[in-house]
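Trainee:
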Amino acid sequence: MRKVLLFERIMLMVFVFSLGVLFMPWRQTIPGRGTVTALRPQDRPQTVQNQIGGRIERWYVSEGQEVKKGDTILVISEISQSYFDPELPMRLQEQLSAKQGSEAAARQKMRATQAQIEAMNRGLNFQLIAAENKVKQSVNYVQSDSADLVAVQQFYRVSQARLERYEQGFKDGLFSLTDIETRRLNVQNDHAKLIAQENKLNNARQALLNAQIELDNIRAKYRESLAKAQSEMGSALSGQASAQGDIAKLRNEIANIDVRRGLYIVRAPQDGYVVKTLKAGIGENIKDGESVATLQPKDPLVAAEIYVDAMDVPLILDQSEVRLQFEGWPSVQFSGWPSVAVGTFAGKVFSIDRMASANGTYRVLVKQMTPVPANDEPWPIQLRQGSGVHGRVILNSVPVWYEIWRQLNGFPPSLEREPKGDAGKAK
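Take any residue in the sequence shown, count from 1 to its spot, add 340: that is its number in this note's numbering.
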């Protein structure tokens, strides 16, 4: 009887204890697993590439060696036939000097042609003034001879009228035969003067026409000479432009050669450690833009990238707290009671990817919480990128019975309040 009573008391105590445990607070978390990475892109492992193709002559580093920014990693030699000549810069400099001489000659030709055009303009002005004066003089002669012709024609008509009156008077017996012959002689003289004046007027008009033709010839000859001079000016200008283009091209080639010869040495882009050499041996040819070594930057700002299920992503808020467990650091983590976890480290959500990865999970980037909480320790300085990490995003507290019921039904964790803004916004 006593044994039954004792058993009943034990079962009652177990029931009361179990009932009390069901009403204890349980901290909901979202689990995630990932690796240690760098928060900034420049802190992540990178490949060192050579910018030009060449042949490996000498290695100056070994795997695991620490290098400073600008330290020599690799020396290569030239493999392109276009750059074999060791005196190639001097050859190009000679070509550049010759082209500069061509440019100077073209410039001198332009100046001489311009002086020729100016001289032609001055000479044309003098010739045009003389020819225009000659045309004006010829016009004056034509006008004067035209006026003289009118006067001579008037005298000739008067002489004819007088001859007709004398002929009538001779018939009437008023004048003698001598008077008639004298009048006839005067008429012939006036007619001769008329013909002479008409010839003089025609000569003046012909002289005017010749003066105008000579003026047009001067202008035509000037246009021809000017067109020829302008053609020579254009040729000189084209030669100068061509020489300037060749000079710019040669200067570009000289600068490229200087830069190329400085690329025979592959240098470290920043402080770090040579993780792995991707090429081996001496005398091996490598192409331009080919990776020769992997460099891990020194003192990176580490972070943790963990992957969570798509169902849990909407529940994660910006700046949510995360408890992290790094592989290689012993720890005991309690899912529902993070405050009693041992060996875990504090973190805070930095960003959440906007799209899922290949397996349907979402990447959450977690940075170290600053300042470090009083009861925690900072992240170990020995952390290396690529190490495994387990994380739990801290949510709100619920009773144990509710968490058991949620897990049995496959429901997502609950929220204390509605998320503000876009919880999936990447920073």
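Virtual Cβ for every residue (Gly too), placed ideally from N, Cα, C. Quantities reported herein were computed from a predicted structural model and do not represent experimental measurements.
Which complete beta strand (DSSP E) runs does the region 622 to 652 hold, if anything under 3 residues is left out?
Mentor: Correct list: 631 to 637, 642 to 648.
Trainee: Rounded to whole angstroms, what's the CA-CA distance from L735 to F685? Just pull it up for me.
Mentor: Whole-angstrom Cα-Cα distance: 16 Å.
Trainee: Roughly how many angstroms separate the alpha carbons of G374 and P654, rounded to a whole number?
Mentor: The straight-line gap from Cα to Cα measures roughly 19 Å.
Trainee: Going by C-alpha distance, which of A650, A643, L664, T710 is nearest M695?
Mentor: If we check each option's Cα against that of M695, A650 comes out closest.
Trainee: Since T634 and T387 are thought to touch, with beta carbons under 8 Å apart, how far apart are those beta carbons, to the nearest angstrom?
Mentor: Between T387 and T634 the Cβ distance is about 6 Å, and since that is below 8 Å, they are a contact.
Trainee: Can you give the beta carbon distance from L769 to V599, rounded, assuming they're within the 8 Å contact cut?
Mentor: This structure leaves residue 769 out entirely; the chain is present only between 341 and 767.
Trainee: Return the CA-CA distance between W677 and Y613, expressed in angstroms with no decimal places.
Mentor: Only weak support is given to the placement of W677: the predicted model assigns it a pLDDT of 46, under 50, and the value that follows is read from those uncertain coordinates. About 40 Å.
Trainee: For V479 and L548, which I take to be in contact (beta-carbon distance under 8 Å), what is that distance rounded to the nearest angstrom?
Mentor: The pair is a contact, with the Cβ atoms about 6 Å apart (cut-off 8 Å).
Trainee: Just list the alpha helix (DSSP H) runs in the region 701 to 729, keeping only unbroken ones of 4 residues or longer that don't cross its boundaries, in chain order.
Mentor: With a minimum length of 4 residues, no continuous alpha helix (DSSP H) run stays inside the region 701 to 729.
Trainee: Can you say whether N557 is buried or exposed, counting buried as having 16 or more other CB atoms within 10 angstroms of its CB?
Mentor: With fewer than 16 other Cβ atoms within 10 Å, it is exposed.
Trainee: Is A487 helix, strand or coil when you go by DSSP?
Mentor: Three-state DSSP puts A487 in a helix.
Trainee: What does Q665 pair with, by DSSP beta-bridge criteria?
Mentor: DSSP output for Q665 lists H730 as bridge partner(s).
Trainee: What residue ranges within the region 593 to 619 form continuous beta strand (DSSP E) runs of no fewer than 3 residues, ordered along the chain?
Mentor: With a minimum length of 3 residues, the continuous beta strand (DSSP E) runs that stay inside the region 593 to 619 are 605 to 607, 612 to 617.
Trainee: Evaluate G687 with the Cβ neighbour count: other Cβ atoms within 10 Å of its Cβ, from every protein chain shown; 16 or more gives buried, anything less gives exposed.
Mentor: Buried, because 16 or more other Cβ atoms sit within 10 Å of the Cβ of G687.
Trainee: Can you name the start and end residues of the beta strand (DSSP E) that G394 belongs to?
Mentor: Run containing G394: 394 to 399, per the beta strand (DSSP E) assignment.
Trainee: Measuring straight from C-alpha to C-alpha, what distance separates G700 and V662?
Mentor: G700 and V662: Cα-Cα distance of roughly 21 Å.
Trainee: Alpha carbon to alpha carbon, how far is F355 from V680? Give it in angstroms, no decimals.
Mentor: Because the pLDDT at V680 is just 45, under 50, the model does not fix this residue reliably, and the point stays unresolved.
Trainee: Just curious, the beta strand (DSSP E) that L414 is in, first and last residue?
Mentor: Its beta strand (DSSP E) spans residues 412 to 417.
Trainee: Going by DSSP, what residues sit across from T369 in a beta bridge?
Mentor: The partner list for T369 (beta bridge, DSSP) reads I734.
Trainee: Identify which residue in Q528, T518, V482, Q477 has its Cα closest to the Cα of A501.
Mentor: Ranking Q528, T518, V482, Q477 by Cα distance to A501 puts Q528 first.
Trainee: I believe T607 touches I413 by the beta-carbon criterion, under 8 Å. Please report the beta-carbon distance rounded to the nearest angstrom.
Mentor: The displayed chain sequence assigns Arg, not Thr, to residue 607. Contact flag correct, Cβ pair sits at about 6 Å.
Trainee: I'd like to know if the region 433 to 451 and the region 571 to 587 are in contact, where contact means that at least 3 CB-CB pairs between them fall below 8 Å.
Mentor: Short answer: they touch.
Trainee: What residue range does the beta strand (DSSP E) around A686 cover?
Mentor: 685 to 692 is the extent of the beta strand (DSSP E) around A686.
Trainee: With a CB to CB cut of under 8 Å and the five nearest residues on each side skipped, what residues in its chain are close to I594?
Mentor: Closer than 8 Å at Cβ, skipping near neighbours: P429, L432, Q433, L436.
Trainee: Would DSSP call G374 helix, strand or coil?
Mentor: Note: G374 maps to strand in three-state DSSP.
Trainee: Go to Q386, then tell me how far its beta strand (DSSP E) extends in each direction, as first and last residue.
Mentor: Its beta strand (DSSP E) spans residues 386 to 389.
Trainee: With distances taken from CA atoms, which of A569, T710, A588 is nearest A459?
Mentor: Ranking the options by Cα distance to A459, first place goes to A569.
Trainee: Please state the DSSP three-state secondary structure of E406.
Mentor: Strand.
Trainee: On the three-state DSSP scale, how would you describe N461?
Mentor: The answer is helix: DSSP assigns N461 an H, G or I state.
Trainee: Hey, would you say V615 sits closer than 8 Å to P371, going by beta carbons?
Mentor: No, Cβ-Cβ distance for V615 and P371 is not below 8 Å.
Trainee: Considering only their Cβ atoms, is the gap separating E630 from N390 smaller than 8 Å?
Mentor: Cβ distance < 8 Å, so N390 and E630 count as in contact.
Trainee: Is the separation between the beta-carbon of I656 and that of V733 shorter than 8 Å?
Mentor: Closer than 8 Å, so yes.
Trainee: Helix, strand or coil for M353 per DSSP?
Mentor: Looking at M353 - three-state DSSP - the assignment turns out to be helix.
Trainee: Label P768 either buried or exposed according to how many other C-beta atoms from any shown protein chain fall within 10 Å of its C-beta, with 16 as the threshold for buried.
Mentor: This structure gives no information on residue 768, because the portion of the chain shown stretches from 341 to 767.
Trainee: On a CA-only basis, which of K408, Q448, V490, I392 is nearest P611? Give me that one, please.
Mentor: The sequence shown places Asp at residue 611, not Pro. Considering only alpha carbons, the answer is K408.
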